[in-house]
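The structure under discussion appears below in the form of structure tokens.
There are 2 protein chains.
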Amino acid sequence: MVNENNEQATVENEEVSTEETEETTEKVEEVEVSAEQQKISELEAKLEESENRLLRLQADFDNYRRRVRLDQEAAQKYRAQNLVTDILPALDNFERALKVESEDEKIKTFLQGMEMVHRQLVEALKSEGLESIEAVGQSFDPHLHQAVMQVEEGEEESNTVLEEFQKGYKLKDRVIRPSMVKVKQ
Amino acid sequence: MVNENNEQATVENEEVSTEETEETTEKVEEVEVSAEQQKISELEAKLEESENRLLRLQADFDNYRRRVRLDQEAAQKYRAQNLVTDILPALDNFERALKVESEDEKIKTFLQGMEMVHRQLVEALKSEGLESIEAVGQSFDPHLHQAVMQVEEGEEESNTVLEEFQKGYKLKDRVIRPSMVKVKQ
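Residue numbers (UniProt numbering), protein chains in the order written: chain G, 1 to 185; chain R, 1 to 185.
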């Protein structure tokens, strides 16, 4: 639209030039027309600039909106990451404590209560997207597992995870702690 | 700036009118000047509209940015709310289970381990802004406490919280669960 206006202005300027050669007597009028043509050119330039600024601002606004939406989606998706990460050490200790074996009835009852608490806690964490990473028997994956020990003995295929020293976790698709494992070389 | 342009245009139009009364012979020229004046007026109107749209868009953009910042601050502040709310029932059961009293050494050792796990869990929740609400001995506050029982007996001042049935919690300045209490009428 801006360009069309400019073309129009050029055409009008040409018309004026033609008139100028035909009617050289009306000097004063010519000067005045010229001043008006100049004003038209100025206005057209200003209009073009203003419309270009409008287009640029609109594009900036659209980009900003798009970026904000992506940021908000990511913030929403991983919103629990800090708290989950802080809870993992408590969860490790919880699971270690539950490994106690006893024939004592009182301890067994107490253990059952604690196992229920543990299940509830894990369910709450799962509902925010926490998943434990599979390790033992899997093929070693440096994105998921951290090898703290490598051994040569054993019948397993090379690169197999033999033992897990500490559970690893993902929050949705993000690994927040790799499993610490022993791997067959 | 746009308004100034308009005033200028009006002044120029008046000048043309004066000329018209003085030189009525140059009809053709007059018509042409008039067409150019019309073009100037049109351009000025378009420029004003474009600049107004620019100002409005800029104001919309600024408002949008301000709102996004506030939204992001709130989302960040209460990001852990869902997970914290889901964990509270596990925490209630955890605390109930820890109230066991025993002289048995094995149970005492097991209890100590579980108390450590509980402390770690509470610390993780605190670092995200969770605080328990004070209740017993406090003056009843309907924003913080939910009265599930009212009694008349006792020496305490009217409106005092006498007993807590379930702990209440705040996440930063937001009450996510009021304390369930017994109140002196």
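Built from N, CA and C at the ideal position, the CB exists for glycine as well.
Residue i, DSSP secondary structure in three states
| i | result |
| --- | --- |
| Thr21(R) | Note on Thr21(R): pLDDT 47, under 50, position unreliable in the model; the coordinate value appears next. Helix at Thr21(R). |
| Gln76(G) | helix |
| Ile107(R) | helix |
| residue 189(G) | This structure cannot settle anything about residue 189(G), because the visible part of chain G is limited to 1 through 185. |
| Ile40(G) | helix |
| Val68(G) | helix |
| Phe165(G) | strand |
| Ile133(G) | coil |
| His143(R) | coil |
| Gln185(G) | coil |
| Lys170(G) | strand |
| Gln150(R) | strand |
| Ser158(G) | coil |
| Arg177(G) | strand |
| Glu51(R) | helix |
| Gln138(G) | coil |
Chain G contact for residue i (CB, 8 Å cutoff)
| i | result |
| --- | --- |
| Leu171(R) | no |
| Ser34(R) | no |
| Glu155(R) | no |
| Lys108(R) | no |
| Val151(R) | no |
| Arg177(R) | no |
| Ser158(R) | no |
| Leu55(R) | no |
| residue 188(R) | For chain R, the structure presents residues 1 to 185; residue 188(R) sits outside this window and is missing. |
| Glu115(R) | no |
| Glu163(R) | no |
Chain R contact for residue i (CB, 8 Å cutoff)
| i | result |
| --- | --- |
| Glu131(G) | no |
| Gln166(G) | no |
| Asn38(G) | Reading off the sequence shown, one finds Gln at residue 38(G), where the question assumed Asn. Judged by the 8 Å Cβ criterion, Gln38(G) is not in contact with chain R. |
| Lys184(G) | no |
| Ala124(G) | yes |
| Thr21(G) | Reliability of the predicted coordinates at Thr21(G) is poor, the pLDDT of 47 falling under 50, and no value is obtained from them. |
| Ser139(G) | no |
| residue 187(G) | Look at the range of chain G in this structure, 1 to 185, and you will see that residue 187(G) is not part of it. |
| Glu134(G) | no |
Exposure of residue i, with buried meaning 16 or more beta-carbon neighbours within 10 Å
| i | result |
| --- | --- |
| Ser127(R) | exposed |
| His145(R) | buried |
| Glu23(R) | Model confidence at Glu23(R) stands at a pLDDT of 48, short of 50, so the residue's coordinates are unreliable and nothing is read from them. |
| Lys182(R) | buried |
| Val151(G) | exposed |
| residue 190(R) | Beyond the ends of chain R as shown, which are 1 and 185, falls residue 190(R); an answer cannot be given. |
| Lys39(R) | buried |
| residue 189(G) | The displayed coordinates of chain G run from 1 to 185. Any statement about residue 189(G) would go beyond what the structure contains. |
| His143(R) | exposed |
| Leu125(R) | buried |
| Leu88(R) | buried |
| Val185(G) | Inspection of the sequence shows that residue 185(G) is occupied by Gln rather than by Val. With fewer than 16 Cβ atoms within 10 Å of its Cβ, Gln185(G) is classed as exposed. |
| Glu163(R) | exposed |
| Glu157(G) | exposed |
| Glu51(G) | buried |
| Phe165(R) | exposed |
| Leu91(R) | buried |
| Thr21(G) | A caution first: Thr21(G) carries a pLDDT of 47, below 50, which makes its placement in the model too unreliable to give a value. |
| Val148(R) | exposed |
| Ser179(R) | buried |
| Ala59(G) | exposed |
Worksheet entry | Interfacial residues, the region 59-86 of chain R to chain G, with Cβ spacing under 8 Å | Asp60, Phe61, Tyr64, Arg65, Val68, Asp71, Gln72, Ala75, Gln76, Arg79, Ala80, Asn82, Leu83, Val84, Asp86
Worksheet item: Contact between the region 157-176 of chain G and the region 126-143 of chain G: three or more CB pairs below 8 Å?
Response: yes
Discussion item. Count Cβ pairs between the region 41-59 of chain G and the region 39-59 of chain R that sit closer than 8 Å; are there 3 or more?
Written reply: yes
Practice prompt. Output, in sequence order along the chain, the residues in the region 87-99 of chain R whose CB is closer than 7 Å to any CB in chain G.
Written response: Ile87, Pro89, Ala90, Asn93, Phe94, Ala97
Worksheet item: Any residues in the region 41-52 of chain R with a beta carbon nearer than 7 Å to a beta carbon of chain G? Which ones, in chain order?
Response: Leu43, Glu44, Lys46, Leu47, Ser50, Glu51
Worksheet item: Between the region 78-86 of chain R and the region 111-123 of chain R, are three or more C-beta pairs nearer than 8 Å?
Response: no
Discussion item. Three or more C-beta pairs under 8 Å: does that hold for the region 61-77 of chain G against the region 61-75 of chain R?
Written reply: yes
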